[in-house]
Amino acid sequence: MPAAVALRSSMCFSSPKPAPSLEQQSNHLTAKPKTLLHKHPLYQSTHANISFQFKEKILCLEIMGVDSGRALAQNPSLHTASLHSIHAIVTFLQSKGIHLKDLGRIFGMCPTILTSDIKTDLNPVFNFLSYDLRVPDQNFRKVINKCPRLLCSSVRDQLKPALFYLQRLGFKDLHALAYQDPILLVSSVEKTLIPKLNFLVSLGFCRADAVEMVLRCPGLFTFSIENNFKPKFEYFMKEMEGKLEELKEFPQYFAFSLENRIKPRHTEVVESGVKVPLPLMLKTTDEEFRELLKGKILDSRS
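In my numbering, the protein residues as written are 141 to 442.
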């Protein structure tokens, strides 16, 4: 992000000014540049009919590393947001330990943050991290960078209900939820968590076993039913002739690529004529896997 290095954030923002007339806009565009922003190639290539303030807003987003076109498309409210309000949000996030270099990715993933309300939207999220997840202030940055969507999630309608549901299932490790699996907290209980647990039950697992599986492998809650669970389960049952007990003991099976890992490894195992436990078949490196097969083949011949 060379532009972000070359231009300090303070150059992006100025006090809100009344919208200039068309004549004033023309004067702005033809006058000698007064700031480094005016010399920026992005500024000079912007359409002449766009207002001075809007140009500066676009430049600020681009300098922070945000795709302004994408951000404006995903968050139409950004069209009318003032530089002052954006500056206030940036300043607030920096006060919470978020670095300026982090903002491009954060705002790029969640452009609605740029028009959020600090008091009613953002501050409650940091209170949730502090009081509900026991995250110390100095670790806010780590958690937010892990899951920027936390900043655009309602504490009342999303984060607390998700935490309550996960704790009822048996997720007791707040540290793991905060630092490893915060994406679970921004997942809808009704549309994501419950349906995926129910799908595991529909495969033949009892509910207690399904719960134990997601506790051992929380990533199961993030996998697509259509693109992950169904094809991998079908291959496991039909081609590998596996048993449910194996998946119960090793739910991480669903985390491996079907085409790049599961199928090739299974094919090699079949061709070798030996039996390899599911975890060893998938978790080992290529070198370890081949050594494992050689060892089992030799054992079978001795």
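All C-beta atoms in this analysis are idealised placements derived from N, C-alpha and C, irrespective of residue type, glycine included.
query                                                                                                          : result
Sequence-distant residues of its chain with Cβ nearer than 6 Å to H187 (five each side left out)               : The pLDDT assigned to H187 is 49, lower than 50, so where the model puts this residue is not dependable, and the model offers no usable value.
C-alpha gap between C292 and N215, whole angstroms                                                             : 12 Å
Sequence-distant residues of the same chain with beta carbon closer than 7 Å to L324, five excluded per side   : A302, L306, L317, P358, F361
As assigned by DSSP and simplified to three states, the class of I238                                          : coil
Proximity winner among I203, D272, H239, relative to I284 (alpha-carbon distances)                             : H239
At least three beta-carbon pairs within less than 8 Å, the segment 330–342 to the segment 362–369              : yes
4-residue-minimum alpha helix (DSSP H) runs that sit fully inside the segment 364–415, ordered along the chain : 370–378, 384–389, 403–412
6 Å CB neighbourhood of S208 in its chain, flanking five on each side removed                                  : I198, L201, E202
Meets three-Cβ-pair contact criterion under 8 Å: the segment 218–225 and the segment 253–260                   : yes
7 Å CB neighbourhood of R401 in its chain, flanking five on each side removed                                  : L422
Beta-carbon separation (whole angstroms), F93 vs A213, contact threshold 8 Å                                   : Only positions 141 to 442 of the chain appear in this structure, which leaves residue 93 out of reach.
From F396, G237, R356, residue whose alpha carbon lies closest to that of G310                                 : R356
Whole-Å CB distance - R405 paired with F429, under 8 Å assumed                                                 : 7 Å
Supposed close pair L418, F373 - CB separation, criterion 8 Å                                                  : Contact flag wrong, Cβ pair sits at about 13 Å.
DSSP state of M421 mapped onto helix, strand, coil                                                             : helix
Whole-Å CB distance - V299 paired with F268, under 8 Å assumed                                                 : Residue identity differs from the one stated: residue 299 is Leu in this sequence, not Val. With a Cβ gap of about 5 Å, L299 and F268 count as contacting.
Sequence-distant residues of the same chain with beta carbon closer than 8 Å to R289, five excluded per side   : M249, C250, I323, V326
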